[in-house]
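Quick note: the sequence shown uses UniProt numbering, first residue 1, plus one each step.
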Amino acid sequence: MNYLAHAYLSFGQDEVLVGNFIGDFVKGKMMDTFPQEVQNGIKLHRAIDLYTDTHPLVKAGQTYLRPKFRHYSTVITDIFFDHFLAKNWEKYSDIPLQDFTQNTFSTLKHHRQLFPDRFANMFEWMEKDNWLLKYRDMDGIRQTLTGMSRRTRFPSKMEVAHLSLIEKEAEFAVIFFAFFKDLETFAREKLLEIQHSNAGH
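Shown next, in the form of structure tokens:
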């Protein structure tokens, strides 16, 4: 999943949110340098990603994308799912999306001393361009995927991936709603499991 989903699936817990955002930037022994709840968020991030990557509904969506985009189809579905989450935000939260994104950025900035360097550099652009809100609109999806395409080592064709979303939006929406219901249940239970297993450490 991408950043909006990771923010939502932090369930209003600030240090878990920080861990959920920096999860991809923490390697090896770095884990031990963070407060326990941030570590819990990092573990949750990894569990969410693994659950997503192995879920049969997600794999079904990627089957359509894989012939054209190959292994980049995993990244593309993550972006597509954040689009559907943003577009249907009122189904999941009573907090307006604009307010939620600003609260998320404020919480992250409050803990910026914990940011790994690579995430700190990216966070400046994330906040400036409001990536979390940008995913709601198709043009924002196009801009995001085009930017990612420029940074890939090999040709990815991600700059045209938004056309696949336009073409198959109804099908991807069905996949998202069914999958995200499973994911939210999994993430809530997994976070409790992680927190209970680390209680008192």
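Yeah, the Cβ is synthetic: ideal placement off N, Cα and C, and Gly gets one too.
Beta-carbon spacing of residue i, residue j below 8 Å
i, j, result
"Thr-100", "Ser-93", "Correcting the residue type first, residue 100 is Phe in the shown sequence and not Thr. It is a contact, given that the beta carbons lie within the stated cut-off."
"Leu-57", "Phe-186", "no"
"residue 202", "Ile-141", "The structure shown does not extend to residue 202, since the chain is modelled only from 1 through 201, so no value can be given for it."
"Val-26", "Ile-48", "no"
"Val-75", "Met-138", "no"
"Thr-104", "Leu-17", "yes"
"Thr-52", "Gln-62", "no"
"Leu-9", "Glu-127", "no"
"Leu-97", "Arg-136", "yes"
"Asn-40", "Ile-194", "yes"
"Lys-168", "Tyr-64", "yes"
"Phe-11", "Arg-188", "yes"
CA-to-CA distance, residue j to residue i, given in whole angstroms
i, j, result
"Asn-2", "Gln-36", "23 Å"
"Leu-114", "Phe-81", "28 Å"
"Leu-50", "Arg-112", "26 Å"
"Leu-132", "Arg-66", "25 Å"
"Thr-146", "Met-158", "6 Å"
"residue 204", "Gln-102", "No answer is possible for residue 204: it lies beyond the span of the chain, which begins at 1 and ends at 201."
"Pro-155", "Asp-14", "38 Å"
"Ser-197", "Asp-32", "16 Å"
"Glu-90", "Arg-151", "33 Å"
"Thr-54", "Arg-46", "12 Å"
"Arg-118", "Ala-170", "36 Å"
"Phe-172", "Lys-29", "38 Å"
"Ala-161", "Ile-79", "10 Å"
"Leu-192", "Ala-199", "10 Å"
"Ala-60", "Ile-95", "31 Å"
"Pro-116", "Asp-129", "20 Å"
Residue i CB to nearest heavy atom of the ligand NAD below 7 Å
i, result
"Leu-165", "The ligand NAD is absent from the structure shown, which contains no ligand whatsoever."
Nearest-angstrom Cβ-Cβ length linking residue i and residue j, presumed shorter than 8 Å
i, j, result
"Leu-44", "Lys-190", "6 Å"
Residue i at chain C interface by Cβ criterion, 8 Å
i, result
"Lys-87", "Of the protein chains in this structure there is only one, and it is not chain C."
(request) Decide if the stretch 19–28 is in contact with the stretch 113–130; the criterion is three or more beta carbon pairs, one per stretch, under 8 Å apart. (result) yes
(request) Kindly provide the ranges of any alpha helix (DSSP H) runs that are 4 or more residues long and lie completely inside the stretch 50–107, ordered along the chain. (result) 56–69, 73–87
(request) Pair every Cβ in the stretch 77–92 with every Cβ in the stretch 3–14, then say whether three or more of these pairs are closer than 8 Å. (result) yes
(message) Quick test of the definition: if touching needs 3 or more C-beta pairs under 8 Å, does the stretch 62–74 touch the stretch 29–44?
(response) no
(request) Run through the stretch 106–159 for me and flag every whole beta strand (DSSP E) of 3 or more residues, listed as ranges in chain order. (result) none
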